[in-house]
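Visitor: My questions all concern the structure below.
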Amino acid sequence: FMPSISATASGSRFAVVNCTSNDHAETLVEKLRTRTFRGIDGCRQQCEVSWASVQGLDEMVEICRDAPENNEETLEQLRPQLFSKGWPVSMPRSRAKVALAALAC
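This is the structure we're talking about:
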């Protein structure tokens, strides 16, 4: 999940990636730490990697499901994305939206 600045649809310059093993995560970290990217101002910047304080897919889904971008008004490509075996699957609806839907019934 790479949150965006919704007014401009530009990336917020960080992403959340959940790896299925520590070995995979360490390999990804080594590859990303050697990368540079072109920033908004056109300058090349070094990619920085850090471990999240929250670990595990279930915990990450709980955080991303309630992200402000996870709603019907946000373009699909700007919403949190969830993949299984490389294929997109549905992100659970925001708990706030589910609670409002239940109140409306």
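In terms of the numbering used here, the numbers along the sequence shown are unbroken and rise by one, the last being 90.
We treat Cβ as the ideally placed atom computed from N, Cα and C, and that holds for glycine.
What you are looking at is a predicted structure, and each value in this text was computed from that prediction instead of being measured.
With a cut-off of 8 Å, do at least 3 Cβ pairs link the segment 1 to 8 to the segment 32 to 52?
Guide: As far as the Cβ criterion goes, the segment 1 to 8 touches the segment 32 to 52, which means the pair count is three or higher.
Visitor: With distances taken Cα to Cα, identify the nearest neighbour of residue 34 among 13, 80, 63, 59.
Guide: Of the candidates 13, 80, 63, 59, the one whose C-alpha sits nearest the C-alpha of residue 34 is 13.
Visitor: Give the straight-line distance between the Cα atoms of residue 55 and residue 28, rounded to the nearest whole angstrom.
Guide: Straight-line Cα distance between these residues: approximately 31 Å.
Visitor: Where does residue 70 land, buried or exposed, given buried means 16+ other C-beta within 10 angstroms?
Guide: It counts as exposed.
Visitor: In chain order, what are the residue ranges of uninterrupted beta strand (DSSP E) at least 3 long that sit wholly in the segment 7 to 75?
Guide: If we require 3 residues or more, the beta strand (DSSP E) runs fully inside the segment 7 to 75 come out as 21 to 23, 29 to 31, 67 to 69, 72 to 74.
Visitor: Out of curiosity, what's the CA-to-CA distance linking residue 75 and residue 53?
Guide: Going by the C-alpha atoms only, they are around 16 Å apart.
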